[in-house]
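Read through the structure below, which is laid out as structure tokens, and then see the notes.
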Amino acid sequence: MSSLPTVEDLRLVEALARHGSLGAAGRELLISQPAASNRLAALERRIGERLFDRDTTGARPTPAGRALAAEAAHVLEHLEAIFDRTRAAARAGTLTVGTFGSLAPWLFPALEGLLGDVTVHQVTDHGDRLVEWVGEGSLDVAFVAIANQMRLPSTVGALPVARDRLAVLIPPGVPLGSGRKPFAGLDVVAYTYDASTATLHRRLSELGARPRTAATAETAVRMGRLLRCPIVLPRGMGISYAEREEQVSTVAVPGRLTLFMVTRRPTPPQLMAAADRLSARMGLEPASESPVDAQEWVQR
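Numbering (the numbering used here), first residue to last: 482 to 781.
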């Protein structure tokens, strides 16, 4: 028996994670509950891990089950799009592009304007997963801010394409102090799109703040307005979200961010051409450095 999961295995795990019931998952997949149970048991034996805890109330994924369900959803999504991508490729150039959720509203429209007739298939996820998918070939390119903070697959290279800095979005009527502790006694909602969240919280604490984490830039802005407190986030996003009477300031918040384009080698020529103009389209500072070889980072 092959050690690889079948498409039917992946569909069962994904459906069971959604429904929490073998019976419901079986009905969706048009198989009986005993057949679904037997298939799941066989898959668990092949993996050597229990995937779901099952009792009379339903089926709940174990940590292993949650991990496999997430991978299954990713694989199935790509399988479902294969025919569409193949037909599109016969008519025009296509690129599958990934980035993290907070950057998507700015990146994808910018790429549409820069890539002309190229069809862009949009994918959003965490940066480390996107880089992994570029390495395995299921993504053509990922735009992430953590390429210099992780081990890259040996098959890929990374190019800095834009820079930004952290800033403070200040809702109306929210006072900031001065001196060495401008955030003294204040909650501060913070979001950054690289891997420096812990460092940012430490810096804000040193400036007197009570840091609060937000999962996305939009979440940070909404939380800060609701709590009537300063919001620390990348300056480009702060400017985009700022409403009338809200201020964006770089005072007192150290921290710079770099956006990288990660591709397999060689980089598709249309992406190299777009990279030079991407920062201007997104309202960010240019990054004029030369490509960084992945092996350099692997050895660091």
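All residues carry an ideal CB built from backbone N, CA and C; glycine is no exception.
Identify whether residue i lies in helix, strand or coil by the three-state DSSP scheme.
i    : result
S518 : helix
R492 : helix
L765 : coil
A506 : helix
F589 : helix
Q728 : strand
I651 : strand
R644 : strand
T487 : coil
V612 : helix
R499 : helix
L738 : strand
R745 : strand
A628 : coil
V773 : Bear in mind that the predicted position of V773 carries a pLDDT of just 43, short of 50, making it too unreliable to give a figure here.
G594 : helix
L752 : helix
L576 : strand
Alpha carbons only, please: which of the options is nearest the one belonging to residue i?
i    : options                : result
A648 : I712, G582, D668, L485 : I712
R691 : D668, T487, E561       : D668
T537 : A756, L524, L503, T605 : L503
T824 : L759, D621, G582, R758 : Lying before the first or after the last residue shown, residue 824 is absent from the chain, which here runs from 482 to 781.
A623 : L596, P656, L576, L657 : L576
R547 : L493, G638, G660, W614 : L493
R644 : M753, L765, N519       : L765
E724 : A496, E699, I512, L738 : E699
D675 : R661, T697, F664, V655 : T697
V625 : L521, G666, V578       : V578
M763 : V729, A591, Y722, L633 : A591
M753 : D621, M631, V729, W587 : D621
M631 : R499, S686, V612       : V612
S730 : L657, L596, T680       : L657
Taking the alpha-carbon positions, what's the residue i to residue j distance?
i    : j    : result
V702 : P653 : 13 Å
P750 : V599 : 12 Å
D609 : L688 : 30 Å
R544 : R531 : Before going on, a small fix: residue 544 reads as Pro here, not Arg. When rounded, the distance between both Cα atoms is 9 Å.
G618 : H602 : 14 Å
E525 : L740 : 40 Å
M718 : L759 : 15 Å
I528 : S484 : 8 Å
A746 : A585 : The sequence shown places Arg at residue 746, not Ala. Roughly 24 Å between the two C-alpha positions.
A628 : T678 : 15 Å
T744 : V615 : 6 Å
R684 : P542 : 38 Å
S659 : V734 : 13 Å
R784 : R508 : The question about residue 784 has no answer here: the residues shown for the chain are numbered 482 through 781.
A506 : A517 : 8 Å
H682 : G736 : 12 Å
E727 : L738 : 23 Å
R661 : L708 : 23 Å
T580 : I563 : 20 Å
L497 : F533 : 9 Å
F664 : L650 : 13 Å
P715 : Q514 : 50 Å
E561 : I512 : 20 Å
R693 : W587 : 25 Å
L640 : T748 : 10 Å
T680 : Y722 : 24 Å
Can you name, in chain order, every residue of its own chain whose Cβ lies under 7 Å from the Cβ of residue i, other than the five neighbours on each side?
i    : result
L491 : A553, V556, L557
E495 : A550, A553, A554, L557
C710 : V655, L667, D668, V669, V670
Is there a C-beta anywhere in chain D that falls below 8 Å from the one on residue i?
i    : result
A623 : Reference to chain D is not applicable here, since this structure consists of a single protein chain.
Keeping to the same chain, check which residues put their C-beta closer than 6 Å to that of residue i; ignore five residues upstream and five downstream.
i    : result
G539 : G501, S502
V642 : L740, M742, A756, L759, A768
A695 : V670, Y672, A701, M704
R706 : P652
F589 : Q603
G637 : It should be noted that the sequence gives Val, not Gly, for residue 637. Excluding sequence neighbours, V637 sits near V615, G616, V743, R745, A775.
P486 : none
S771 : In this prediction, S771 scores a pLDDT of 42, lower than 50, which makes its location untrustworthy; no coordinate-derived value is stated.
I720 : V729
Near residue i, which residues of its chain fall below 8 Å by C-beta distance, leaving aside the five closest residues on each side in sequence?
i    : result
E593 : V601
E489 : L510, R520
Check your understanding: If you scan the segment 510 to 564 from start to end, which runs of the alpha helix (DSSP H) of 4 or more residues do you find wholly inside it?
Key -> 514 to 528, 544 to 561
Exercise for review: Could you pull out every unbroken alpha helix (DSSP H) segment of at least 4 residues lying fully inside the segment 656 to 718, listed in chain order?
Suggested key: 678 to 687, 698 to 708
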